[in-house]
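The block underneath contains the structure these notes are about, expressed in structure tokens.
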Amino acid sequence: MEYSLGEIAGLINAKLIGDADYVINGVGSLSTAKSTQISFYANSKYHDDLKQTDAGAVIVSYEDLELSPSHALVCKDPYASYLKVANLIHPTPEHQPGVHPSAVIEKSARISESAFVGANTYIGSHVELDEYVYIGHGCVVEDNSKIGSHTRLQSNVTLCHEVKIGERVILHPGVVIGSDGFGLVADNGQWLKIPQLGTVEIGNDVEIGANTSIDRGAMSNTRIEDGVKIDNLVQIGHNVIIGAHTAIAGSAVIAGSVVIGKRCMIGGATAIAGHISIANDVVITGMSGVTNSINKPGKYSGSMTTMENTTWRKNMVRLRHLDELVRRINALEDKMSKSKETGK
Amino acid sequence: MEYSLGEIAGLINAKLIGDADYVINGVGSLSTAKSTQISFYANSKYHDDLKQTDAGAVIVSYEDLELSPSHALVCKDPYASYLKVANLIHPTPEHQPGVHPSAVIEKSARISESAFVGANTYIGSHVELDEYVYIGHGCVVEDNSKIGSHTRLQSNVTLCHEVKIGERVILHPGVVIGSDGFGLVADNGQWLKIPQLGTVEIGNDVEIGANTSIDRGAMSNTRIEDGVKIDNLVQIGHNVIIGAHTAIAGSAVIAGSVVIGKRCMIGGATAIAGHISIANDVVITGMSGVTNSINKPGKYSGSMTTMENTTWRKNMVRLRHLDELVRRINALEDKMSKSKETGK
Amino acid sequence: MEYSLGEIAGLINAKLIGDADYVINGVGSLSTAKSTQISFYANSKYHDDLKQTDAGAVIVSYEDLELSPSHALVCKDPYASYLKVANLIHPTPEHQPGVHPSAVIEKSARISESAFVGANTYIGSHVELDEYVYIGHGCVVEDNSKIGSHTRLQSNVTLCHEVKIGERVILHPGVVIGSDGFGLVADNGQWLKIPQLGTVEIGNDVEIGANTSIDRGAMSNTRIEDGVKIDNLVQIGHNVIIGAHTAIAGSAVIAGSVVIGKRCMIGGATAIAGHISIANDVVITGMSGVTNSINKPGKYSGSMTTMENTTWRKNMVRLRHLDELVRRINALEDKMSKSKETGK
Numbered sequence: 002m003e004y005s006l007g008e009i010a011g012l013i014n015a016k017l018i019g020d021a022d023y024v025i026n027g028v029g030s031l032s033t034a035k036s037t038q039i040s041f042y043a044n045s046k047y048h049d050d051l052k053q054t055d056a057g058a059v060i061v062s063y064e065d066l067e068l069s070p071s072h073a074l075v076c077k078d079p080y081a082s083y084l085k086v087a088n089l090i091h092p093t094p095e096h097q098p099g100v101h102p103s104a105v106i107e108k109s110a111r112i113s114e115s116a117f118v119g120a121n122t123y124i125g126s127h128v129e130l131d132e133y134v135y136i137g138h139g140c141v142v143e144d145n146s147k148i149g150s151h152t153r154l155q156s157n158v159t160l161c162h163e164v165k166i167g168e169r170v171i172l173h174p175g176v177v178i179g180s181d182g183f184g185l186v187a188d189n190g191q192w193l194k195i196p197q198l199g200t201v202e203i204g205n206d207v208e209i210g211a212n213t214s215i216d217r218g219a220m221s222n223t224r225i226e227d228g229v230k231i232d233n234l235v236q237i238g239h240n241v242i243i244g245a246h247t248a249i250a251g252s253a254v255i256a257g258s259v260v261i262g263k264r265c266m267i268g269g270a271t272a273i274a275g276h277i278s279i280a281n282d283v284v285i286t287g288m289s290g291v292t293n294s295i296n297k298p299g300k301y302s303g304s305m306t307t308m309e310n311t312t313w314r315k316n317m318v319r320l321r322h323l324d325e326l327v328r329r330i331n332a333l334e335d336k337m338s339k340s341k342e343t344g345k
Numbered sequence: 002m003e004y005s006l007g008e009i010a011g012l013i014n015a016k017l018i019g020d021a022d023y024v025i026n027g028v029g030s031l032s033t034a035k036s037t038q039i040s041f042y043a044n045s046k047y048h049d050d051l052k053q054t055d056a057g058a059v060i061v062s063y064e065d066l067e068l069s070p071s072h073a074l075v076c077k078d079p080y081a082s083y084l085k086v087a088n089l090i091h092p093t094p095e096h097q098p099g100v101h102p103s104a105v106i107e108k109s110a111r112i113s114e115s116a117f118v119g120a121n122t123y124i125g126s127h128v129e130l131d132e133y134v135y136i137g138h139g140c141v142v143e144d145n146s147k148i149g150s151h152t153r154l155q156s157n158v159t160l161c162h163e164v165k166i167g168e169r170v171i172l173h174p175g176v177v178i179g180s181d182g183f184g185l186v187a188d189n190g191q192w193l194k195i196p197q198l199g200t201v202e203i204g205n206d207v208e209i210g211a212n213t214s215i216d217r218g219a220m221s222n223t224r225i226e227d228g229v230k231i232d233n234l235v236q237i238g239h240n241v242i243i244g245a246h247t248a249i250a251g252s253a254v255i256a257g258s259v260v261i262g263k264r265c266m267i268g269g270a271t272a273i274a275g276h277i278s279i280a281n282d283v284v285i286t287g288m289s290g291v292t293n294s295i296n297k298p299g300k301y302s303g304s305m306t307t308m309e310n311t312t313w314r315k316n317m318v319r320l321r322h323l324d325e326l327v328r329r330i331n332a333l334e335d336k337m338s339k340s341k342e343t344g345k
Numbered sequence: 002m003e004y005s006l007g008e009i010a011g012l013i014n015a016k017l018i019g020d021a022d023y024v025i026n027g028v029g030s031l032s033t034a035k036s037t038q039i040s041f042y043a044n045s046k047y048h049d050d051l052k053q054t055d056a057g058a059v060i061v062s063y064e065d066l067e068l069s070p071s072h073a074l075v076c077k078d079p080y081a082s083y084l085k086v087a088n089l090i091h092p093t094p095e096h097q098p099g100v101h102p103s104a105v106i107e108k109s110a111r112i113s114e115s116a117f118v119g120a121n122t123y124i125g126s127h128v129e130l131d132e133y134v135y136i137g138h139g140c141v142v143e144d145n146s147k148i149g150s151h152t153r154l155q156s157n158v159t160l161c162h163e164v165k166i167g168e169r170v171i172l173h174p175g176v177v178i179g180s181d182g183f184g185l186v187a188d189n190g191q192w193l194k195i196p197q198l199g200t201v202e203i204g205n206d207v208e209i210g211a212n213t214s215i216d217r218g219a220m221s222n223t224r225i226e227d228g229v230k231i232d233n234l235v236q237i238g239h240n241v242i243i244g245a246h247t248a249i250a251g252s253a254v255i256a257g258s259v260v261i262g263k264r265c266m267i268g269g270a271t272a273i274a275g276h277i278s279i280a281n282d283v284v285i286t287g288m289s290g291v292t293n294s295i296n297k298p299g300k301y302s303g304s305m306t307t308m309e310n311t312t313w314r315k316n317m318v319r320l321r322h323l324d325e326l327v328r329r330i331n332a333l334e335d336k337m338s339k340s341k342e343t344g345k
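See below:
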């Protein structure tokens with residue numbers, strides 16, 4: 002879409018230095034943007050790019066205004082403002098309302114007239130799709146699920162029965178919501194299945210990445226609160242609760258009955274063991290294995306750093322005997338203090 | 002479904018203290034169950050919940066019988082009995098037999114009259130679906146695959162060609178069985194593909210979680226024995242054999258040609274390197290990296306514990322020099338024993 | 002398919018010792034191959050198998066020729082030659098060209114007459130399928146994507162809009178290419194979505210395993226170069242570049258903006274943190290967490306080895322205090338050298 006600099010300045014509440022009628026139709030980095038595109042400058046590392054940019058306009062902070070070689074939009078946080086502009090110019094594509102003739106819709110489903118249902122998609126009994134919902138191609142929405150307005154299921158998404166999804170949610174391809182949790186009890190050398198009687202509730206403004214799976218609760222519901230962002234291939238077990246605005250990076254594993262607070266950041270490939278809690282505002286760096294509750298905001302880590310293979314081999318042999326090593330040091334300290342006392 | 006307490010007592014072989022005609026239509030925890038629901042008490046931690054429960058009946062052990070405030074069903078293992086009752090009252094939903102008109106069935110497929118095939122599902126040539134099989138919506142079952150009676154494929158499951166699935170198996174959405182294994186040989190700086198000529202055999206009473214993938218064998222078959230339970234997003238490579246009643250938690254990775262014994266428990270996010278064996282009755286805790294065979298039953302671990310980030314940074318710097326550290330301690334011990342000998 | 006030993010010898014450039022008209026119709030290991038099958042011998046560990054094999058012919062090296070009990074094909078690299086023969090005898094199944102009547106094809110799509118499109122598959126607007134492309138059942142190829150000749154999408158694969166795939170590529174079931182990257186910026190306690198305006202480019206001869214996901218770029222494109230092989234359930238973030246002929250094993254995690262060189266081998270379950278580079282010809286063993294760039298070819302590791310659980314517990318307690326431990330050793334060394342100097 003196209004906007005004039007005057008319109009953009011108004012929409013992001015910035016001060017315009019330049020031509021209000023100049024028209025912008027795209028965004029780009031300082032080094033790639035063309036004269037009809039807008040860019041931003043927020044890091045002195047890119048000072049040379051700024052001097053040479055062909056961008057039609059640049060979003061800058063007040064301190065950096067004098068550096069800008071072209072039309073400038075001046076504001077407090079150039080990067081956040083740039084993203085707002087990028088979303089304006091490249092909005093989520095509009096969809097035509099309607100149901101593709103190849104889709105299969107059970108009679109009792111209630112589909113808003115402004116919703117879209119794609120090719121080869123199945124919509125089960127008593128499903129409710131609110132206004133402007135977009136269900137892509139090849140999806141399955143099982144019986145009794147409810148999807149809030151402006152939510153998008155991209156292609157090949159599966160919602161199991163009775164799942165509740167909020168508004169403006171985005172589910173990427175391959176996502177599975179509401180599969181049975183891993184509930185087992187040993188019974189004479191075999192496993193007895195614990196029936197998974199809860200469901201999954203997902204709040205508003207949640208985004209969930211490709212091939213991520215979220216299990217339904219065993220008795221109560223698995224719950225993903227408003228504004229949570231989850232990356233690809235993340236596993237979320239049954240009864241988990243994830244607090245509002247928490248972000249979870251790719252291939253993380255959240256085992257059953259974990260409770261994560263609000264505004265946390267969980268690194269990629271990090272695994273959190275079952276039945277523990279994480280406080281609000283906790284950052285856990287990538288590939289950590291978390292086996293105990295974390296009760297205080299802060300930054301936590303538990304991964305091994307990577308080294309040259311031969312060094313690693315030697316160190317790992319030693320690590321297997323670390324406890325003995327400490328005992329040897331204890332003994333040395335004892336001897337040393339005794340030899341001092343005795344003068345020997 | 003509804004059952005009288007008399008019926009339930011008979012079915013789980015429990016002694017009823019109370020009204021045999023009292024009707025139960027649901028299950029719940031002590032704190033949430035209502036007067037028409039049944040609960041259980043198996044852990045003294047929930048003693049207060051037991052005293053205050055509104056549950057219509059409680060399953061208890063003989064020792065705890067006097068604590069029960071309502072109708073009681075008395076038996077040896079209250080939790081396992083509770084699960085049997087829960088599965089009675091909330092059975093896997095019955096399906097009507099039949100093939101959805103939007104499903105595509107190749108002519109040579111043999112589908113039992115009691116089986117169900119969902120919307121937009123594809124059933125390939127020479128596929129066999131036994132009695133009471135349920136194939137959900139959006140599934141693909143490729144040529145020559147065979148599925149045993151009462152097995153359920155939930156939505157969007159993929160079975161590749163010639164896969165064999167036993168009876169009463171459950172495959173959750175997004176599962177892929179029988180994709181090509183990762184078989185490569187280096188040849189002049191490029192990779193040559195090893196043809197994957199085996200298939201996958203899955204026994205009876207197996208359950209496999211959402212988006213898990215199991216590769217077909219290269220020469221022989223990948224084999225999942227009876228009663229194995231696998232969680233979501235687990236990767237199982239080619240030629241793997243998993244012994245009966247082993248359970249594997251979410252996002253575990255079992256590399257090619259691994260042989261795992263019977264009744265093992267593999268923790269979430271644990272990775273097992275290729276071509277090694279794990280004995281029967283081995284427990285591996287979560288996030289462990291297993292690179293050598295384990296020949297004895299027991300509990301094994303190999304993950305790092307998580308700490309405050311600044312502590313972790315310091316410790317990790319030291320870990321990179323652990324081998325040198327041990328050499329320094331060796332030297333100290335030598336000097337110490339010499340100084341003792343010489344009196345210095 | 003069937004070949005005579007004379008034909009095979011010609012095709013793999015081997016010297017035949019035996020009957021050129023003898024017909025082979027399969028491959029097998031030394032211990033399982035029958036008289037109409039061919040096997041190979043490349044490792045003295047299998048010497049006994051070689052002596053007892055029923056194989057109709059064996060591929061051997063010049064040094065091992067005298068050991069071969071049956072028809073022999075003599076060449077430099079028996080295993081690579083064996084794979085060439087295996088691929089000859091068991092070629093990728095031929096497909097009939099044509100579009101299944103249940104597939105949904107947008108009018109503007111351009112589909113080669115030699116291509117195949119399977120049941121319940123969706124092909125979006127302006128999609129281009131080149132010669133001999135095979136699109137399996139239940140796939141979704143979104144608008145403007147382009148697929149090179151002889152490429153195969155197995156069942157239930159999703160290509161998002163504008164993705165470019167090269168020639169002779171294989172995408173296994175459940176693969177998602179071109180989903181939005183995990184691009185977020187904090188803005189007043191909430192997350193602002195960074196629009197993902199790039200796409201994914203995949204070169205020739207790439208193979209990608211089941212349920213793997215590759216995100217589209219934020220500004221520029223995510224790029225997978227020629228001959229790259231990726232296993233199942235691998236996560237590849239936005240803007241990643243993977244150099245030609247690199248292989249990545251199961252459940253690895255490559256975070257956003259990582260650049261990996263050519264001919265690398267990344268072990269299973271290894272995670273590489275965002276914005277770092279890996280040189281050409283780097284081998285990283287499984288389950289390593291890589292948080293810094295690797296600038297030199299070589300072998301690197303960063304996983305913990307697995308031990309008996311009680312040993313592990315003790316060692317991990319000590320690891321949390323490793324930094325203090327080193328300080329204690331420093332102090333001991335100081336005292337020791339002082340006591341030497343002073344004679345105490």
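Protein chains in written order, with our numbering: chain A, 2 to 345; chain B, 2 to 345; chain C, 2 to 345.
All C-beta atoms, glycine included, are put in the ideal place defined by N, C-alpha and C.
These figures come from a predicted structure and were not determined experimentally.
Legend entry - Within-8 Å CB hit, Ala256 of chain C to chain A: If you number the third sequence from 1, residue 256 of chain C lands on position 255. Closer than 8 Å: yes.
Legend entry - Among B:His91, B:Ala270, B:Ala245, B:Val291, the one whose alpha carbon lies nearest that of Val28 of chain B: The residue given as residue 28 of chain B occupies position 27 in the second sequence. It is B:His91.
Inset, instruction - Give a yes or no on whether the minimum CB-CB distance between Asp55 of chain A and chain B is below 8 Å. - result: In the first sequence, the residue the question calls residue 55 of chain A occupies position 54. False, the Cβ-Cβ gap to chain B never drops below 8 Å.
Inset, instruction - Starting from the N-terminal side, write out each stretch of the beta strand (DSSP E) that is 3 residues or longer and does not extend beyond the segment 247 to 305 of chain B. - result: 283 to 285, 299 to 302
Inset, instruction - Please say whether Val118 of chain B and Gly149 of chain B have beta carbons closer to each other than 8 Å? - result: As a first step, residue 149 of chain B must be located in the second sequence, where it is residue number 148. As a first step, residue 118 of chain B must be located in the second sequence, where it is residue number 117. No, the Cβ-Cβ distance between Gly149 of chain B and Val118 of chain B is not below 8 Å.
Legend entry - For Ile2 of chain C, the three-state DSSP class (helix, strand or coil): The residue given as residue 2 of chain C occupies position 1 in the third sequence. Correcting the residue type first, residue 2 of chain C is Met in the shown sequence and not Ile. In this structure, Met2 of chain C counts as coil in the three-state DSSP scheme.
Legend entry - Contact set between Asn121 of chain C and chain B, taken where Cβ atoms lie within less than 7 Å: Residue numbering aside, residue 121 of chain C sits at position 120 when the third sequence is read from its first letter. Against Asn121 of chain C, the close residues of chain B are Val105, Asn121, Tyr123, in the order they occur along the chain (beta-carbon pairs closer than 7 Å).
Legend entry - Rounded C-alpha distance that separates Gln191 of chain C from His246 of chain A: For the purposes of this step, residue 191 of chain C is identified with residue 190 of the third sequence, where counting begins at 1. For the purposes of this step, residue 246 of chain A is identified with residue 245 of the first sequence, where counting begins at 1. Cα to Cα, Gln191 of chain C sits roughly 6 Å from His246 of chain A.
Inset, instruction - Would you mind sorting Lys108 of chain B into buried or exposed? The rule is 16 or more other CB atoms within 10 Å of its CB. - result: Sequence index remark: in the second sequence, residue 108 of chain B carries index 107 (1-based). Exposed, because fewer than 16 other Cβ atoms sit within 10 Å of the Cβ of Lys108 of chain B.
Legend entry - chain B contact residues for Asp324 of chain C, given Cβ-Cβ distances below 8 Å: Translated into positions along the third sequence, residue 324 of chain C becomes position 323. By Cβ distance, chain B contributes Thr312, Lys315, Asn316, Val318, Arg319.
Inset, instruction - Please confirm if the segment 153 to 172 of chain B is in contact with the segment 215 to 222 of chain C, defined as three or more CB-CB distances below 8 Å between the two stretches. - result: no
Inset, instruction - Quick one: list the residues of chain C neighbouring Lys347 of chain A, beta-carbon separation under 9 Å, in chain order. - result: Chain A is shown from 2 up to 345; residue 347 of chain A falls before or after that span and cannot be answered.
Legend entry - Alpha carbon of Ile277 of chain C to alpha carbon of Gln53 of chain B, nearest angstrom: Position 276 of the third sequence, counted from the first residue, corresponds to residue 277 of chain C. Position 52 of the second sequence, counted from the first residue, corresponds to residue 53 of chain B. Separation of Ile277 of chain C and Gln53 of chain B (C-alpha to C-alpha, rounded to the nearest whole angstrom) is 57 Å.
Legend entry - Contact with chain C by Asp216 of chain B, beta-carbon distance below 8 Å: Position 215 of the second sequence holds residue 216 of chain B. Chain C contact via Cβ: present.
Legend entry - Where Ser368 of chain C falls: helix, strand or coil (DSSP): Nothing about residue 368 of chain C can be reported from this structure: the residues present for chain C run from 2 to 345 only.
Inset, instruction - Give a yes or no on whether 8 Å exceeds the smallest Cβ distance from Ile330 of chain A to chain B. - result: Position 329 of the first sequence holds residue 330 of chain A. By this cut-off, Ile330 of chain A is an interface position.
Inset, instruction - For the segment 140 to 174 of chain C, enumerate the residues whose C-beta is nearer than 9 Å to any C-beta of chain B, in chain order. - result: Gln155, Ser156, Asn157, Ile171, His173, Pro174
Legend entry - Chain-ordered neighbours of Val291 of chain B on chain C, where CB pairs are closer than 8 Å: Position 290 of the second sequence holds residue 291 of chain B. By Cβ distance, chain C contributes Thr307.
Inset, instruction - For Leu89 of chain C, collect the residues of the same chain with a Cβ closer than 8 Å to its Cβ; drop the 5 residues on either side in sequence, then sort them by chain order. - result: Locating residue 89 of chain C in the third sequence gives position 88, where the first residue counts as 1. Hits under 8 Å: Met2, Tyr4, Ile9, Leu12.
Inset, instruction - Report buried or exposed for Asp335 of chain C, applying the criterion of at least 16 other Cβ atoms within 10 angstroms of its Cβ. - result: Here the question's residue 335 of chain C lines up with position 334 in the third sequence. The residue in question, Asp335 of chain C, is exposed, as its Cβ has fewer than 16 Cβ neighbours within 10 Å.
Legend entry - 6 Å Cβ shell around Val235 of chain B - same chain, five flanking residues per side excluded: Along the second sequence, read from residue 1 onward, the residue named residue 235 of chain B stands at position 234. Thr213, Ile249, Ala253.
Legend entry - Three-state secondary structure assigned by DSSP to Gly19 of chain A: Counting from 1 along the first sequence, the entry for residue 19 of chain A is found at position 18. In the structure shown, Gly19 of chain A sits in coil (DSSP, three-state: anything other than H, G, I, E or B).
Inset, instruction - Could you pull out every residue in the same chain whose Cβ sits closer than 8 Å to the Cβ of Val291 of chain A, ignoring the five residues on either side in sequence? - result: Position 290 of the first sequence, counting from 1, holds the residue named residue 291 of chain A. Once the five neighbours on either side are set aside, the close Cβ partners of Val291 of chain A are Thr271, Ala272, Ile273, Ala274, Ile277, Ile279, Ile285, Tyr301, Gly303.
Legend entry - Contacts around Val201 of chain A, its chain only, beta-carbon distance under 6 Å, and the 5 residues preceding and following it disregarded: By 1-based counting over the first sequence, the position of residue 201 of chain A is 200. Once the five neighbours on either side are set aside, the close Cβ partners of Val201 of chain A are Val164, Ile178, Gly179, Ile215, Arg217, Thr223.
Legend entry - Where Glu114 of chain C sits in the DSSP three-state scheme: As a position in the third sequence, residue 114 of chain C is number 113, starting the count at 1. Coil, per DSSP.
Legend entry - Residue from A:Leu185, A:Ala73, A:Gly137, A:Ile195 whose Cα sits closest to the Cα of Asp55 of chain A: Translated into the one-based positions of the first sequence, residue 55 of chain A becomes position 54. Each of A:Leu185, A:Ala73, A:Gly137, A:Ile195 was checked against the Cα of Asp55 of chain A, and the nearest Cα belongs to A:Ala73.
Legend entry - Glu202 of chain C, DSSP secondary structure in three states: On the third sequence, position 201 is the one that residue 202 of chain C refers to. In this structure, Glu202 of chain C counts as strand in the three-state DSSP scheme.
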